[in-house]
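Same order as they appear, the protein sequences are chains A and B. Residue numbers for the first sequence follow the working numbering, beginning at 1 and rising by one. Residue numbers for the second sequence follow the working numbering, beginning at 1001 and rising by one. What follows is a short report on a single structure.
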Amino acid sequence: MITYTIRRISMLVPVLFGMTLVTFSIIHLIPGNPARVILGDQATAAALANLEEQLGLNKPFLVQYFQYVSGLFQGDLGTSLRTKSAISAELWPHLAATFELTFFAMIFAVFVGVNAGIISAWKQNSWFDYLCMIVALIGVSMPIFWLGLLQQWVFAQELGWLPAFGRGNPRDPVETVTHLQLVDSFISGSPDKFWTSIKHLILPGIALGTIPMAIIARMTRSSMLEVLRSDYIRTVVAKGSGAFSVIYRHGLKNAVIPVLTVVGLQTGTLLGGAILTETIFSWPGIGRYVYEAIGYRDYPVIQSGVLVIAFMFVIINLIVDLLYSYIDPRIKY
Amino acid sequence: MKTVTTADRMPNPAPRNHKPEAEQIEAVSPWKDAFRQLKKNKLAVAGMLIIGLFILAAIIAPLITPYAFNAINVGPRLQEPSADHWFGTDDLGRDTFTRIIYGARISLMVGFFAVTGALIFGTMLGIIAGYFGRWTDMLISRIFDIMLAFPSILLAIAIVAILGQSLQNAMIAIAIINIPIFGRLVRSKVISIREEEYIMAAKAQGMKSGRILFHHILPNSIAPMIVQATLSFGTAILEAAALGFLGLGAQAPTPEWGKMLSDARQYIQSAPWTVLFPGLSIMLAVLGFNLFGDGLRDALDPKMKH
């Protein structure tokens, strides 16, 4: 287990370096002079030279890359061209917001997806099974930005049940401690604020979680169907265990392994989808941060934002891989 | 109570689906066989019909609708669906149905070019990596790993941020992010086929690498590539719509579905049809490709079934 962990982490090193090379190249691959693209056609020669100096564009490529990577090791993600402040400091609150949203979406996706898949498998070919699989098929094909808009329209504008934008009530702000709205509002001791935070999470969380939910439901169903046909389940049934025990105590343990892979892969969908969801729901996460930076041609922010999101994705997949060998001891590396 | 006789338990001596001898020994090519299976799969047929409908609509667009897709004020602004305007009109008084039909042209075009581009470059890189192995494989596989380490839509956004915001660049971006998917698929196929005995036989006969690749290895890896291309077609449509929605793909007044959605979102309360129909079109088109792709996978490559 330990050797596998070390090997798995050492395999990450070239990928991480490659990722830095990709994000570093973003600014260098801009057709023409990057400084001119950023500043526009009206920029003076002095302004151009100034920006090139600031971004280090006037140095040789390798020197620039070395400086970029050594900066990254020191936690230096560069400076925003728009706000002139350090990106690492700006990024943290956005990162926390995205973390909160994707975490909630994943919980929704796993809880609903796994249970729907289990019931579908248990009651194979029932109306519930058909309904679930139709919903799952549609869920996979649905553009999440469309789902988000429809949810806003129905649940926020028409029914008025849930808020459509933001993370909390701007007139009654929560004191920031961790930048995680749920945690902060919980610490504040006000049940109202906590409830408001939860209400703000529901619509974007569900919109973001729908595609992974659909995929997890399909995966759980097929994997559960296979497990339910196995000999040991027949033995468990024969010894007189109830349906609940058969499925959740015995079946799920084996059925969950392929599901776990899907969960790991779907974090990519979630982190990518967060850009769309955050834009629609005005969620101040890292996806929106990057998206707004594109509008301002704030390339250092685009570079660092993309790198941080990809880094999160890689780390989550690492955790899933390690969990994999922990849950299933048959997998020996 | 029904008594069970021995005859009930015994297998039926005469097979029910008994066919004449001649039909049984008829040689069926794997492709024909796959097509037969595909026709039996109702969901796959539904998918095929949906795709066919969109393609047909895209081709004969000017015949279906009397309006031009960019003609403004062909009706009152934000008018609800009626006999004249089946899907209503948008904020500029343009006919939504017309724009959706012409939008099908754009989405199918984006899907086609993005998938073809990814297929060509992915196959090339996959073959090189799989056939030549060693450091070429090492290098190409690491590049794929790195590309797949980015959430795909994020990588597409980064590429558009580099190239500039346009439909063409969105198409290029979507093609690029799909390259490693095809590349890995082809590479793994090539590696497994390379070890087959008939390849060894071809080598023993003195056949050159290029000939072996194009005459033996490539034809044998076509089935999974077709499946992946169909599924990727749907994803490409979805990704193009997402980029359009973010304003990073098609620009106004192009009737691209994602762009139409983002333009209409502010009218969702007063004119929900402006948001409803473009989204529904994206969903249906993607659903069609997903259903068809799933059916193809089951028919062409039973081993790939989950």
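Just so it is clear, CB atoms sit at the ideal spot from N, CA and C, and this is done for glycine as well.
At a cut-off of 7 Å between C-beta atoms, residue 1260 of chain B does not count as an interface residue with respect to chain A. Residue-level contact check: residue 1265 of chain B touches chain A, since one or more beta carbons of chain A fall below 7 Å from its beta carbon. At a C-beta separation below 9 Å, residue 1246 of chain B has these neighbours in chain A: 145, 275, 276, 279, 291 and 294. Among the CB atoms of chain B, none fall inside 7 Å of the CB of residue 155 of chain A. Using a Cβ distance threshold of 7 Å, residue 185 of chain A and residue 197 of chain A count as a contacting pair.
Taking the Cα positions, residue 80 of chain A is about 18 Å away from residue 30 of chain A. Note on residue 1138 of chain B: under 16 other CB atoms within 10 angstroms of its CB, so exposed under the neighbour-count rule. At least one beta carbon of chain A lies nearer than 7 Å to the beta carbon of residue 1269 of chain B. Look at the region 29 to 77 of chain A and you find these whole runs of alpha helix (DSSP H), each 4 residues long or longer: 34 to 39, 45 to 55 and 61 to 73.
Of the candidates A:312, A:247, A:11 and A:87, A:247 places its Cα closest to the Cα of residue 230 of chain A. Relative to residue 77 of chain A, the option among A:60, A:55, A:59 and A:61 whose CA is nearest is A:55. Straight-line spacing of the CA atoms in residue 200 of chain A and residue 1153 of chain B works out to 25 Å.
In this structure, residue 223 of chain A sits near residue 255 of chain A, with a CB-CB distance shorter than 7 Å. Inter-residue distance for residue 1283 of chain B and residue 138 of chain A is about 8 Å (C-alpha atoms, whole angstroms).
For residue 328 of chain A, the secondary structure class from DSSP, reduced to helix, strand or coil, is coil. Counted as a single uninterrupted DSSP element, the alpha helix (DSSP H) harbouring residue 253 of chain A occupies residues 252 to 280.
For residue 261 of chain A, the CB contacts under 8 Å within the same chain, skipping 5 residues up- and downstream, are 320 and 324 in chain order. Within the same chain, 1069, 1255 and 1260 come within 7 Å of residue 1099 of chain B by CB-CB distance, once the 5 residues on both sides are set aside. For residue 1207 of chain B, no alpha helix (DSSP H) segment is defined, and its DSSP state is neither H nor E. Nearest Cα to residue 1227 of chain B within the set B:1041, B:1293 and B:1090: B:1293.
At a beta-carbon threshold of 9 Å, none of the residues of chain B lie near residue 244 of chain A; the nearest stands roughly 26 Å away.
Any Cβ of chain B closer than 7 Å to the Cβ of residue 61 of chain A would place that residue at the interface, and such an atom is absent. Remark: three or more beta-carbon pairs, one from each stretch, lie closer than 8 Å, so the region 1150 to 1169 of chain B and the region 303 to 314 of chain A are flagged as touching. Residue 251 of chain A is a Cβ neighbour of residue 227 of chain A, given a cutoff of 7 Å.
Put simply, the CB of residue 97 of chain A is far from chain B, with every gap to its CB atoms at 7 Å or more. In this structure the region 1169 to 1180 of chain B lies against the region 1109 to 1116 of chain B, because at least three pairs of beta carbons, one per stretch, are closer than 8 Å.
Put simply, the backbone Cα of residue 1180 of chain B is about 16 Å away from that of residue 1171 of chain B.
In this structure, residue 109 of chain A places its C-beta atom within 7 Å of the C-beta atom of residue 209 of chain A. Closer than 7 Å to the CB of residue 105 of chain A there is not a single CB belonging to chain B. The Cβ neighbour count for residue 63 of chain A, taken over all protein chains shown within 10 Å, is under 16; the residue is labelled exposed. The straight-line gap separating the alpha-carbon atoms of residue 275 of chain A and residue 286 of chain A is approximately 8 Å.
Any Cβ of chain A closer than 7 Å to the Cβ of residue 1299 of chain B would place that residue at the interface, and such an atom is absent. By the Cβ criterion, the region 1186 to 1205 of chain B is not in contact with the region 1259 to 1278 of chain B, since fewer than three pairs of Cβ atoms, one from each stretch, lie closer than 8 Å. If you draw a 10 Å sphere on the C-beta of residue 180 of chain A, you find 16 or more other C-beta atoms in it, and that means buried. Residue 113 of chain A: member of the alpha helix (DSSP H) spanning 87 to 122, first to last residue. Annotation: residue 1142 of chain B to residue 1060 of chain B spans about 45 Å, alpha carbon to alpha carbon.
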